[in-house]
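Note sheet for the following structure.
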Amino acid sequence: MAKVSIVKGGASPDAGEIRRMIEEAVDLLGGFKSIIKKGGTVAVKPNILTGKLSGPGVTTDPRVIEALVRLSFEAGAGEVRIVEGAGYGVPTSEALELAGMKRVAEETGAVLVDVDRDEILEVEVPDPLILEKIPVSRSFYEANVRINAPVMKTHDQLIMTLGMKNMKGIIQKPTKRLFHRIGLAKAVVDLNKAVPLDLTVVDAIHAMEGLGPSLGNVFEMDTVIASTDVYSLDIVGARIMGIDPGELEYMKYAAEQGLVRLDGGGIQMVGEPLESVARAFERPPMDLSPQEGITVIEKGACSACRGTIRSVYIDLENMGIMDRVRDLVMLVGPQAEIPEDLEETPLIMGICLHHLKDEGRYVVGCPPNNDKMREAIMELTGIEA
Ligand code: SF4
Numbered sequence: 514m515a516k517v518s519i520v521k522g523g524a525s526p527d528a529g530e531i532r533r534m535i536e537e538a539v540d541l542l543g544g545f546k547s548i549i550k551k552g553g554t555v556a557v558k559p560n561i562l563t564g565k566l567s568g569p570g571v572t573t574d575p576r577v578i579e580a581l582v583r584l585s586f587e588a589g590a591g592e593v594r595i596v597e598g599a600g601y602g603v604p605t606s607e608a609l610e611l612a613g614m615k616r617v618a619e620e621t622g623a624v625l626v627d628v629d630r631d632e633i634l635e636v637e638v639p640d641p642l643i644l645e646k647i648p649v650s651r652s653f654y655e656a657n658v659r660i661n662a663p664v665m666k667t668h669d670q671l672i673m674t675l676g677m678k679n680m681k682g683i684i685q686k687p688t689k690r691l692f693h694r695i696g697l698a699k700a701v702v703d704l705n706k707a708v709p710l711d712l713t714v715v716d717a718i719h720a721m722e723g724l725g726p727s728l729g730n731v732f733e734m735d736t737v738i739a740s741t742d743v744y745s746l747d748i749v750g751a752r753i754m755g756i757d758p759g760e761l762e763y764m765k766y767a768a769e770q771g772l773v774r775l776d777g778g779g780i781q782m783v784g785e786p787l788e789s790v791a792r793a794f795e796r797p798p799m800d801l802s803p804q805e806g807i808t809v810i811e812k813g814a815c816s817a818c819r820g821t822i823r824s825v826y827i828d829l830e831n832m833g834i835m836d837r838v839r840d841l842v843m844l845v846g847p848q849a850e851i852p853e854d855l856e857e858t859p860l861i862m863g864i865c866l867h868h869l870k871d872e873g874r875y876v877v878g879c880p881p882n883n884d885k886m887r888e889a890i891m892e893l894t895g896i897e898a
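According to the working numbering, the sequence shown holds residues 514 to 898 in order.
Following this line, the structure appears as structure tokens:
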């Protein structure tokens with residue numbers, strides 16, 4: 514039976530209290546010494562997103578990573594690596610620094626690994642859904658113990674992002690793009706099967722609801738959730754967030770493959786009762802077209818471009834002109850196509866649509882930056898600031 518532990522701490526926990534909570538959550542599963550191999554290597558995978566928006570509830574709290582690194586060393590690890598790859602739009606090394614991971618590595622003696630510069634290993638996917646092999650970070654895959662440390666957040670494509678989805682950081686940017694193109698939900702399940710985890714510790718000290726994974730509302734939860742079984746952990750996490758696991762496409766695929774049961778059968782809860790930390794998270798808006806007059810044709814777009822569109826909407830709101838945007842059609846994602854009967858000149862976004870650059874108002878970038886997007890939108894809609 515897979516165990517999932519929940520530990521609730523005091524309000525605004527400091528580094529010492531966070532370490533105590535993590536230790537207790539893992540003790541409830543048998544303790545770090547039952548997971549760490551003496552003298553072996555441990556790879557810890559945070560969630561740093563792009564680093565640009567680092568902070569509680571957005572990226573993994575550096576104090577959580579520091580505690581995981583120190584507890585791994587104390588349990589006998591010979592080497593601990595902090596391994597992560599950021600999304601499009603920012604170099605991983607920069608994001609690692611912005612998210613506080615470089616400092617944690619320097620202070621703890623951990624090795625910092627930029628997945629985009631790491632050696633890559635092609636690993637086979639058992640019983641594949643969509644990918645037979647996946648190129649992954651060698652530093653993560655070859656560690657003796659693999660630890661995942663996601664943040665509890667909503668997600669505007671997958672409804673929520675927790676343990677399984679966080680694994681996307683162990684692949685390089687072009688593979689991330691492939692995942693979005695072929696179908697993120699199936700690819701995420703395949704990745705988790707190809708690279709099994711030894712432990713997942715969720716940073717729910719702060720969590721995010723609404724417009725996750727980067728622009729939502731952050732709130733304090735003062736909670737840590739842990740399991741050696743990432744699928745069971747995601748089922749419990751969904752329940753804590755007020756989400757029916759059956760709504761989650763990737764959980765349904767995992768259940769179909771016999772990796773977990775959607776009804777939570779086979780999971781033993783330990784520690785704090787689920788109900789005492791549960792709350793109905795505000796749902797993320799899944800539609801990229803927020804109002805009449807804006808149509809977004811999206812196919813296979815990366816989170817970076819989706820996030821850019823959302824943050825441009827916020828910019829336009831702040832400028833007081835969002836409600837004046839009319840007759841705007843935007844194309845995003847490598848498989849997006851221009852409808853034959855389209856009358857408007859479309860905004861064509863990003864390098865993966867470079868082949869359509871002469872078919873509308875093209876905005877270069879990967880992802881394009883907000884200034885260029887705003888400029889194009891105002892030009893196409895005739896709005897003057
Ligand atoms: S431009 Fe294309 S490849 Fe680049 S982030 Fe956007 S959707 Fe992904």
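Beta carbons are placed, not taken as given, at the ideal position from N, Cα and C, and that holds for glycine.
{"Item": "Look up Leu697 in the DSSP assignment and say whether it is helix, strand or coil.", "Value": "helix"}
{"Item": "The ligand SF4 heavy atoms versus the CB of Ala817: any closer than 7 angstroms?", "Value": "yes"}
{"Item": "In angstroms with no decimal places, state the Cα-to-Cα distance between His867 and Arg796.", "Value": "33 angstroms"}
{"Item": "Hey, does Glu722 have any beta-carbon neighbour from chain D nearer than 8 angstroms?", "Value": "The structure shown has no chain D; it contains just one protein chain."}
{"Item": "Sort Lys686, Asp776, Met886, Asp871 by Cα distance to Asp828 and report the nearest one.", "Value": "Met886"}
{"Item": "For Gly676, which of helix, strand or coil comes out of DSSP?", "Value": "helix"}
{"Item": "Going by the C-beta, is Arg837 closer than 7 angstroms to any heavy atom of the ligand SF4?", "Value": "no"}
{"Item": "At the level of alpha carbons, what is the spacing between Lys678 and Arg532?", "Value": "24 angstroms"}
{"Item": "Could you check the C-alpha separation between Glu830 and Pro663 for me, to the nearest Å?", "Value": "31 angstroms"}
{"Item": "To which residues of the same chain is Lys615 closer than 7 angstroms at the C-beta, ignoring the five residues directly before and after it?", "Value": "Leu609, Leu625"}
{"Item": "Can you give, in chain order, each stretch of the beta strand (DSSP E) that sits fully within the segment 644 to 675 and has at least 3 residues?", "Value": "646 to 650, 658 to 661, 664 to 668, 672 to 674"}
{"Item": "I need the DSSP call for Leu893, collapsed to helix, strand or coil.", "Value": "helix"}
{"Item": "Would you say Arg690 touches the ligand SF4, meaning its beta carbon is less than 7 angstroms from a heavy atom?", "Value": "yes"}
{"Item": "Among Leu893, Val539, Ala618, Val701, which one has its Cα closest to the Cα of Ala556?", "Value": "Ala618"}
{"Item": "With a threshold of 7 angstroms (Cβ to nearest heavy atom), would Pro880 be considered close to the ligand SF4?", "Value": "yes"}
{"Item": "Nearest CA to the CA of Glu788: which residue from Cys879, Gly755, Met764, Cys818?", "Value": "Gly755"}
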